[in-house]
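Written below as structure tokens is the structure these notes are about.
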Amino acid sequence: MAEAITARSEDFSKWYIDIVRKAKLADYSPVRGSMIIRPNGYAIWENMQSELDRMFKETGHENAYFPLLIPESFLAREAAHVEGFAKECAIVTHSRLQVNEAGNGVEPAPDSRLEENLVIRPTSETIIWDSFSNWIQSWRDLPILLNQWGNVVRWEMRTRLFLRTSEFLWQEGHTAHATREEAVAETKQMLDVYATFAEEYMALPVIKGVKTPSERFAGAVDTYCIEALMQDGKALQAGTSHFLGQNFAKAFDCQFQNKNNELEYVWATSWGVSTRLVGALVMAHSDDQGLVVPPRLAPTQVVIVPIYRSEEDRQNVLTRSTEIKESLGSAGVRVKLDDREQYRPGWKFNEYELQGVPLRIAIGPRDLANNSVELARRDTRDKSVVSLDGITELIVGELETMQTRMFESAVSFRTSMTSDANDQAEFVDILESRGGFIRAHWDGTDETEALVKEQTGATIRCVPIGEPMEEGVDPFSGKPSAQKVIYAKAY
RNA sequence: CGGGGUGUAGCGUAGCCCGGUUAGCGCGUCUGCUUUGGGAGCAGAAGGUCGCAGGUUCGAAUCCUGCCACCCCGACCA
Numbered sequence: 006m007a008e009a010i011t012a013r014s015e016d017f018s019k020w021y022i023d024i025v026r027k028a029k030l031a032d033y034s035p036v037r038g039s040m041i042i043r044p045n046g047y048a049i050w051e052n053m054q055s056e057l058d059r060m061f062k063e064t065g066h067e068n069a070y071f072p073l074l075i076p077e078s079f080l081a082r083e084a085a086h087v088e089g090f091a092k093e094c095a096i097v098t099h100s101r102l103q104v105n106e107a108g109n110g111v112e113p114a115p116d117s118r119l120e121e122n123l124v125i126r127p128t129s130e131t132i133i134w135d136s137f138s139n140w141i142q143s144w145r146d147l148p149i150l151l152n153q154w155g156n157v158v159r160w161e162m163r164t165r166l167f168l169r170t171s172e173f174l175w176q177e178g179h180t181a182h183a184t185r186e187e188a189v190a191e192t193k194q195m196l197d198v199y200a201t202f203a204e205e206y207m208a209l210p211v212i213k214g215v216k217t218p219s220e221r222f223a224g225a226v227d228t229y230c231i232e233a234l235m236q237d238g239k240a241l242q243a244g245t246s247h248f249l250g251q252n253f254a255k256a257f258d259c260q261f262q263n264k265n266n267e268l269e270y271v272w273a274t275s276w277g278v279s280t281r282l283v284g285a286l287v288m289a290h291s292d293d294q295g296l297v298v299p300p301r302l303a304p305t306q307v308v309i310v311p312i313y314r315s316e317e318d319r320q321n322v323l324t325r326s327t328e329i330k331e332s333l334g335s336a337g338v339r340v341k342l343d344d345r346e347q348y349r350p351g352w353k354f355n356e357y358e359l360q361g362v363p364l365r366i367a368i369g370p371r372d373l374a375n376n377s378v379e380l381a382r383r384d385t386r387d388k389s390v391v392s393l394d395g396i397t398e399l400i401v402g403e404l405e406t407m408q409t410r411m412f413e414s415a416v417s418f419r420t421s422m423t424s425d426a427n428d429q430a431e432f433v434d435i436l437e438s439r440g441g442f443i444r445a446h447w448d449g450t451d452e453t454e455a456l457v458k459e460q461t462g463a464t465i466r467c468v469p470i471g472e473p474m475e476e477g478v479d480p481f482s483g484k485p486s487a488q489k490v491i492y493a494k495a496y
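Just add 5 to the spot in the first sequence (first one is 1) and you have the numbering used here.
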């Protein structure tokens, strides 16, 4: 019997959880709000990591690693930063456990109380800027362009697998610059890297923009973001890049002598993407049959399922399958031959569709006779019988076609789900009927932004970059507006 | 933290209102045989602190009290 996946049309949230669980991407952990990333999910993350890591290095960054535990006092150094994160920090207070009096458990040993509490990093600006202040004296020490891969903990009230968990994996870039202009350029450059990655690898079109002050990173001067649209019409922030100004340099007294022999505070950026991207991938592309993964990120791009009855057929089919596998492998395709005997072909077909393997080759005695295989594509669910001659080239091309088609399909979905609203009634109507991105004028005030959120549930996702300035009137306040912004209900 | 709900085998559940022998069923697992081009069939088997602790009772999955955990809705969230 088919394992039922809740239909998207019935309950999108349940559908999402079903995909994550049944495609074996992740499990709930014994600790509320944290998750176990299973091999299928982690392999996608590893593919994301390796492409991003390459892109970071190509733009001049080096990897480093700063510790998980941060002195509590560090968080307090930057006022906005502490205000933003204090509510969700996990704190280490003791260094030792002892068996309790009843003898049936353990408890923190009272005499191991730490001199100063340690915070499990919610992000690493503070510990990194403490180091930067030691490393930087002169303009000759700049810029510093670092990235680190790691985990962070933010004690969340309400969590969802991959999208919001208390502990998550991410990368955080941290850079130090001599001038404002250079830091701003770095911030924008990394935003472009994220957008390129999302579009070319995740097949996920994104809107680049700037966050409003209320959505800004705690401690940033400007927060840039990429916003993606999920299949249910809700927006998901897929990456952020922050221009931090001199806020952290001032908090950690990080000054350098410039070429005019003057002391100046260092300019900073930070930028990150997380395992949330795995959730974005699921919600952007998958269907009611299961996961759909773009070929460039798919852990297995092609699976070969052999079919046979007799021992003789088995030998012949496996021999041919192995040849195909080796040919694809040497063409750089991530290919797997599933020769397990305990599962039948039909079972395997369903399993690999559920897990989102882009292409499936089925090969049986009939194919041996015809010099063919059956090729099935996951995104369109098309099946065709193709000749074995030139199969490797065909498959390499098919993977590229699929990658492109998935992106184009996501673009046309987004286009169909992006609307302009010129008055309140229209705004509410669009939001309630289909959601998606709504372009509307905004008067630039926190008050109006809060009002819209309260009345409609939509928030300003970003002020888009690179769109023409267009004067108008805010539909909610009636005040003049300089530019349309992107509203949506968001994750 | 407020409101609601649920805890029974790896997963999903029946039984609880109205206490009664051995806690039933489906999926999955294991063994054997037959099967294999879209989630196989038959036969057999293993697997349970009924969330935890106390209480009532001759007897508790079932009734009572307390606690714990998780889920949903709010609040909260770069």
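Built from N, CA and C at the ideal position, the CB exists for glycine as well. Computed from a prediction, not measured in an experiment: that's the story for all the values here.
- With fewer than 16 other Cβ atoms from the protein chains shown falling within 10 Å of its own Cβ, Gln320 counts as exposed.
- Taking a cut-off of 8 Å on C-beta distances, the region 198 to 216 does not touch the region 68 to 86, as fewer than three cross pairs fall below it.
- Measuring C-alpha to C-alpha distances from Phe167 to each of Ile24, Thr274, Phe90, Pro210 identifies Ile24 as the nearest.
- Excluding the 5 residues flanking it on each side, Ile41 has same chain C-beta neighbours closer than 8 Å at Ala31, Asp32, Tyr33, Ser34, in chain order.
- Apart from the 5 residues on each side of it in sequence, Lys494 sits with its Cβ closer than 8 Å to the Cβ of Gly238, Lys239, Ala240, Leu436, Gly440, Gly462, Ala463, Thr464 in its chain, given in chain order.
- In the structure shown, His66 falls within a coil segment according to DSSP collapsed to helix, strand and coil.
- DSSP, reduced to helix, strand and coil, places Asp293 outside both helices and strands of the structure shown, so it counts as coil.
- Distance from the CA of Pro480 to the CA of Glu452, rounded to the nearest whole angstrom, comes to 13 Å.
- Cβ contact annotation for Tyr357 (same chain, cutoff 7 Å, sequence separation greater than five): Val308, Arg365, in chain order.
- Here Val362 is near Gln306, since their CB atoms are less than 9 Å apart.
- Restricting attention to Gly483, Glu475, Asp372, Asp293, the CA atom closest to the CA of Val457 is found in Gly483.
- Around the beta carbon of Asp258, fewer than 16 other beta carbons sit within 10 angstroms, so the residue counts as exposed.
- Under the Cβ criterion (8 Å, minimum of three pairs), the region 149 to 158 counts as touching the region 170 to 183.
- Annotation: Met235 to Ser14 spans about 13 Å, alpha carbon to alpha carbon.
- By DSSP's assignment, Thr217 forms no beta bridge with any residue.
- When Cβ pairs closer than 8 Å are counted between the two stretches, the region 40 to 54 is seen not to touch the region 120 to 129, the count staying below three.
- In the same chain as Gln460, and ignoring 5 residues on each side of it, no C-beta atom comes closer than 6 Å to its own.
- The beta carbons of Met207 and Leu282 sit about 7 Å from each other, so the pair counts as a contact at 8 Å.
- Of Lys264, Trp276, Ala48, the smallest CA-CA separation from His247 is found for Trp276.
- Distance check between Ile400 and each of Ala84, Val338, Asn265, Phe442 places Val338 closest, using alpha-carbon atoms only.
- When beta bridges are read from the DSSP output, Asp32 appears opposite Ile41.
- Ranked by Cα distance from Ala190, the first of Asn375, Asn156, Asp227 is Asp227.
- Taking 4 residues as the minimum length, the region 147 to 198 contains no alpha helix (DSSP H) run wholly inside it.
- Excluding sequence positions up to five before and after Ala9, its CB lies less than 6 Å from no other CB in the same chain.
- For Phe442, no alpha helix (DSSP H) segment is defined; the enclosing uninterrupted segment is the beta strand (DSSP E) at 442 to 446.
- Where Leu342 is concerned, the enclosing beta strand (DSSP E) starts and stops at 340 to 342.
- In the three-state DSSP reduction, Pro473 falls in the coil class, being neither helix nor strand.
- Using a 10 angstroms sphere on the CB of Tyr70, the tally of other CB atoms stays under 16, which defines it as exposed.
- Note on the region 205 to 271: whole beta strand (DSSP E) runs with a minimum of 3 residues are 212 to 215, 227 to 234, 240 to 250, 260 to 262, 268 to 270, in chain order.
- Taking all protein chains shown into account, Pro300 has 16 or more neighbouring C-beta atoms within 10 Å of its C-beta and is therefore buried.
- For the pair of segments examined, the region 366 to 386 was found to touch the region 318 to 337: the number of CB pairs separated by less than 8 Å reaches three.
- Annotated three-state conformation of Ser417 is helix, per DSSP.
- Per DSSP, the continuous beta strand (DSSP E) segment holding Asp425 begins and ends at 423 to 425.
- Judged by their CB atoms, Ala233 and Ala285 are nearer to each other than the 9 Å cut-off.
- Gln54 carries a helical assignment under DSSP once its states are collapsed to helix, strand and coil.
- For Tyr21, the three-state secondary structure derived from DSSP is helix.
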